[in-house]
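Inspection log for the structure reproduced underneath, given as structure tokens.
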Amino acid sequence: MHDEATTHYNSIIDQHSLGAEFLRDTFGECARPKIGWQIDPFGHSREVASLFAQMGFDGLLFGRIDYQDRIPRTLEKNLEMVWKASANLENGSNVNVFYSTPSCYLYALNKAEKKWISKSDDFFPYASIPFTYWTGYFTSRPALKRYERYTNNILQVTRQLNGFSQTNLRNNIFDLSEAMGIVQHHDAISGTEKQHVANDYAQRLSDGIDRAVFTLTLWNPTIHPVTIHPRVPVTREYLIRDPIGNLVPAEIYLKLFVQGFSGDPTTPEFPPSGAYIFRPFISEAVPVSLSRKINCTKTDIVQKASIIFNEWVSQEISLFRGKSEIELEWTVGPIPIDDNIGKEIIIRYNTNIESASKYYTDANGREVLERIRNHRPTWPYFVDERISGNYYPINSRIWIRDRARQLTILTDRSEGGGSMHDGSIEIMVHRRILHDDSLGVGEALNETAYGKGLVVSGKHILLVERPTDSARLHRIGAQQLFMHPLATYSLSNTSSYANYSNIYRQSWSAISDAMPLNVHLLTFDQLSPKQYLVRVEHYFELNEDEIYSQPVTIDLQTLFKSIGTIAEMIELILSANLPLSELHRLDWMTKDEESSYVNMFQQQSSKATTITLNPMQIRTFQITIA
């Protein structure tokens, strides 16, 4: 049962595919899941509902919704509904939701041909009782949250290298796949486990990663060319060469080693901030320091400002030549607790953008939902926590905008945040809490390392553009940040670059022809010597870009030319455990006379390799090479 707030759609799909493969191989085709059982996550994501529908689920059952939402639903007998999970995929993403137990109830209701109410937003943030918003875990254990993203990057790169090199070493990757699946648990990546359990999750990820040993190699896991500025810690000067032996400009500079809430005081009636809960003791964050030291550096490659607020908070702001975005690297920790008060650290970005109480956050790194401060779309919302009640999970991006400008912030991990004032975005990056919130962990969220509070570093990418042009930047930017080129190292056994270049190839591309910018290779996994599991997606939404929000046609044979000729393609459902042609979902009718049935662009087993992707569509194939 994966978490729904802090997980990325790539890892959700991988986890369910791994589980579905196990069920099929162990119990046969009759074990294919048809119902989602999400009874314990702390809020529910619209994107998860969309993914479940694409996996062929007929319904979704869960056990937690906001107490302010549950009361009127109970009185009006509206605890069941059709969830319209994606406007991009039309009815193919609708799923029937039950606040109930499963049994045969689902099928009995379907046979009754009842017309259901519908819902198109999500179930975040979740509050169990007044003043108790489960929004702290959006940020809890930020180091583990980042490590999970990094490990996923390694997993995808390893699968690609295995597949394109045709080494058939899938079993060697299994431990890493399994560890990633386990960490999606709603008490794992969420950061709501005990410390020794968090340590075990990190150890599992570490054990699944091949040991990296000093020759620098970069692998780009996307199907598009990217330009990056890799940074490598060194102790002296080095010469850097490109694939044909030319010297590459490089620079060495000295790396120099924000506001916060107090979150500890508690009352018998309401819990304090903890692993789950964010309940600040004060209504406005206070600066971590009233003074700062700034060191500015300007070179031919980058303009950089290093800002030291105090001994435990610093930032590094970079603007690289030829790029319009601003890169902000933050370092926080050890968070001091000498005053016996826990602290929750945020970065706040203030602008003069007239955002009219609106802000926008992603759902599991994919589609974006509009948020309105102090508002819920489906019930009259009583504001009891002005700050935490307006926090939402951020897995890849958050933005504010007016007619002329849009500020988008891309994140490198799951974080919590929102907009407390017009023109402002705040993102929580680290937490150190001295009390338990009495919701199940049984210990305070007080992470340490080497006997001190945990030090965490991270990255935000800032994009400022006209709203009409912003989707191209944040869609491509978020994808490149998530699937960042992976650097690996090895010891060189040659004495010179000339000898090394004669022995080893200096560059290689698995993709011979450029792919459209709105297409992403989501999965490339070798199943056997001649069979591969492939997922390709159109990762732009409808109507967000004049060019890239259009359907796109690609030829998979062209994409995978390097591995041979495709002899057969079978289109599967998203979880890859059933041919799409054999999928039959229950049909649900809403009160607005809309049916949930859809023909999901079925492509039968065929030798044809040209496919069309519509906005936000993921298509899954099992391909066989001749």
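Using the working numbering, the first residue of the sequence shown is number 2, and each one after it goes up by one. Yeah, the Cβ is synthetic: ideal placement off N, Cα and C, and Gly gets one too.
#1: Just verifying my parser: in three-state terms, what is the DSSP assignment at V214?
#2: Report the residue ranges of all beta strand (DSSP E) runs contained in full by the stretch 509-556; include only those spanning at least 3 residues, in chain order.
#3: Give me the Cα-Cα distance between A405 and P468, rounded to the nearest whole angstrom.
#4: Is the stretch 143-158 touching the stretch 9-26 in the sense that three or more CB pairs, one from each, lie closer than 8 Å?
#5: Suppose contacts are defined by Cβ-Cβ distances below 7 Å. Is E427 in contact with I327 by that definition?
#6: State the DSSP-derived secondary structure class of K592, mapped to helix, strand or coil.
#7: Following the continuous beta strand (DSSP E) through L587, name the residue where it begins and the one where it ends.
#8: Going by Cα to Cα distance, which pick from H521, V465, P517 is closest to Q481?
#9: Which complete alpha helix (DSSP H) runs does the stretch 294-338 hold, if anything under 4 residues is left out?
#10: Assuming H475 contacts R398 (C-beta within less than 8 Å), just tell me the rounded distance between them.
#11: Leaving out the 5 sequence neighbours to the left and right, which residues in its chain are closer than 8 Å to G443 when beta-carbon positions are compared?
#12: Using the Cβ count rule (16 or more neighbours within 10 Å means buried), how would you classify A189?
#13: Heavy atom of the ligand FAD less than 6 Å from the Cβ of K562, yes or no?
#14: On the DSSP letters alone, give me the boundaries of the alpha helix (DSSP H) that H197 sits inside.
#15: A213: buried (16+ other C-beta within 10 angstroms of its C-beta) or exposed?
#16: What span of residues does the alpha helix (DSSP H) with T469 cover, start to end?
#17: Please confirm whether L366 and N396 have their CB atoms less than 7 Å apart.
#18: Between L614 and the rest of its own chain, which residues show a CB-CB distance below 6 Å, the 5 nearest in sequence each way excluded?
#19: With DSSP as the reference, label Q623 as helix, strand or coil.
#20: Taking only runs of the alpha helix (DSSP H) that begin and end inside the stretch 127-203, which ones reach a length of at least 4 residues, in chain order?
#21: Under the rule that 16 or more other beta-carbon atoms within 10 Å means buried, what is A21, buried or exposed?
#22: Quick check: the Cα distance between H45 and N296, rounded to an integer number of angstroms?
#23: Hey, out of S307, G323, Q316, whose CA is closest to D301's CA?
#24: Quick one, are the C-beta atoms of E368 and E48 less than 7 Å apart?
#25: Kindly indicate which three-state DSSP category V442 falls into: helix, strand or coil?
#26: For F58, which of helix, strand or coil comes out of DSSP?
#27: Cutting at 6 Å between CB atoms, please list the residues of its own chain near F602, excluding the five before and the five after it.
#28: Kindly indicate which three-state DSSP category N396 falls into: helix, strand or coil?
#29: If we call anything under 7 Å between Cβ atoms a contact, is A6 one with S51?
#30: I need the straight-line Cα distance from S584 to F58, nearest angstrom please.
#31: Measure the CB-CB distance between A32 and L19 and report whether it falls below 7 Å.
#32: According to DSSP, which residues form a beta bridge with Q407?
#33: Quick one: what does DSSP say T449 is sitting in, helix, strand or coil?
#34: Under 7 Å, do H431 and V537 count as touching if we go by C-beta distance?
#35: May I ask you to report which of helix, strand or coil DSSP gives Q604?
#36: Could you spell out the range, first to last residue, of the beta strand (DSSP E) harbouring Y636?
Walking through what the data contain:
#1: For the purposes of this step, residue 214 is taken as residue 213 along the sequence shown, with counting starting at 1. Residue confidence is low: V214 scores 35 on pLDDT, short of 50, so the model does not pin down where it sits. No coordinate-derived value is stated.
#2: 520-527, 532-539, 553-556
#3: Counting from one through the sequence shown, the residue named residue 405 turns up at place 404. Counting from one through the sequence shown, the residue named residue 468 turns up at place 467. Distance between the alpha carbons of A405 and P468: 7 Å.
#4: yes
#5: Indexing the sequence shown from 1 puts residue 427 at position 426. Indexing the sequence shown from 1 puts residue 327 at position 326. Not a contact, by the Cβ cut-off of 7 Å.
#6: If you number the sequence shown from 1, residue 592 lands on position 591. It is coil, neither helix nor strand.
#7: The residue given as residue 587 occupies position 586 in the sequence shown. Taken as a continuous stretch (DSSP letters only), L587 belongs to no beta strand (DSSP E), as it is neither H nor E.
#8: Position 480 of the sequence shown, counting from 1, holds the residue named residue 481. Ranking the options by Cα distance to Q481, first place goes to H521.
#9: none
#10: Counting from one through the sequence shown, the residue named residue 475 turns up at place 474. Counting from one through the sequence shown, the residue named residue 398 turns up at place 397. The pair is a contact, with the Cβ atoms about 5 Å apart (cut-off 8 Å).
#11: In the sequence shown, the residue the question calls residue 443 occupies position 442. Cβ neighbours of G443 beyond the five flanking positions: K195, D437.
#12: Locating residue 189 in the sequence shown gives position 188, counting from the first residue. By the 10 Å Cβ count, A189 comes out buried.
#13: Looking at this structure, you won't find the ligand FAD or any other ligand, since it has none at all.
#14: By one-based count along the sequence shown, residue 197 stands at place 196. Segment 196-209, the alpha helix (DSSP H) holding H197.
#15: Here residue 213 refers to the residue found at position 212 of the sequence shown. Because the pLDDT of A213 is 33, which lies under 50, any placement of that residue in the model is unreliable, and the question is left without a value.
#16: Numbered from 1 along the sequence shown, position 468 holds the residue referred to as residue 469. Per DSSP, T469 belongs to the alpha helix (DSSP H) from 468-483.
#17: If you number the sequence shown from 1, residue 366 lands on position 365. If you number the sequence shown from 1, residue 396 lands on position 395. Residue identity check: residue 366 is Gly in the sequence provided, not Leu. In contact: G366 and N396 (Cβ atoms closer than 7 Å).
#18: For this step, residue 614 is matched to residue 613 along the sequence shown. Correct list, in chain order: H539, V553.
#19: The residue you call residue 623 lines up with position 622 of the sequence shown. Q623: strand per DSSP, three-state reduction.
#20: 143-166, 171-184
#21: To locate residue 21, count along the sequence shown from 1; it is residue 20. With 16 or more other Cβ atoms within 10 Å, it is buried.
#22: For the purposes of this step, residue 45 is identified with residue 44 of the sequence shown, where counting begins at 1. For the purposes of this step, residue 296 is identified with residue 295 of the sequence shown, where counting begins at 1. So the alpha carbons of these two residues sit roughly 44 Å apart.
#23: Position 300 of the sequence shown, counting from 1, holds the residue named residue 301. Nearest option by C-alpha distance: G323.
#24: Indexing the sequence shown from 1 puts residue 368 at position 367. Indexing the sequence shown from 1 puts residue 48 at position 47. Closer than 7 Å, so yes.
#25: As a first step, residue 442 is located in the sequence shown; it is residue number 441 there, counting from the start. The answer is coil: DSSP assigns V442 none of H, G, I, E or B.
#26: Walking along the sequence shown from the start, residue 58 turns up at place 57. Note: F58 maps to coil in three-state DSSP.
#27: Position 601 of the sequence shown, counting from 1, holds the residue named residue 602. Model confidence at F602 stands at a pLDDT of 49, short of 50, so the residue's coordinates are unreliable and nothing is read from them.
#28: Translated into positions along the sequence shown, residue 396 becomes position 395. Coil.
#29: Numbered from its first residue, the sequence shown carries residue 6 at position 5. Numbered from its first residue, the sequence shown carries residue 51 at position 50. Contact flag unset, no.
#30: If you number the sequence shown from 1, residue 584 lands on position 583. If you number the sequence shown from 1, residue 58 lands on position 57. First, the amino acid is wrong: residue 584 is Leu here, not Ser. Each residue's Cα considered, the two are about 10 Å apart.
#31: As a working mapping, residue 32 is identified with position 31 in the sequence shown. As a working mapping, residue 19 is identified with position 18 in the sequence shown. No.
#32: Along the sequence shown, one-based indexing puts residue 407 at 406. In the DSSP output, where bridge partners are listed per residue, Q407 has R402, E466.
#33: Here residue 449 is taken as the residue at index 448 of the sequence shown, counted from 1. Strand at T449.
#34: Within the sequence shown, numbered from 1, the residue matching residue 431 stands at position 430. Within the sequence shown, numbered from 1, the residue matching residue 537 stands at position 536. It is not a contact, given that the beta carbons lie outside the stated cut-off.
#35: Stepping through the sequence shown from its first residue, residue 604 is reached at position 603. For Q604, the predicted structure reports a pLDDT of 47, less than 50, and the residue's modelled location is therefore unreliable. A value from the coordinates is still provided. DSSP places Q604 in coil when its eight states are reduced to three.
#36: Beyond the ends of the chain as shown, which are 2 and 627, falls residue 636; an answer cannot be given.
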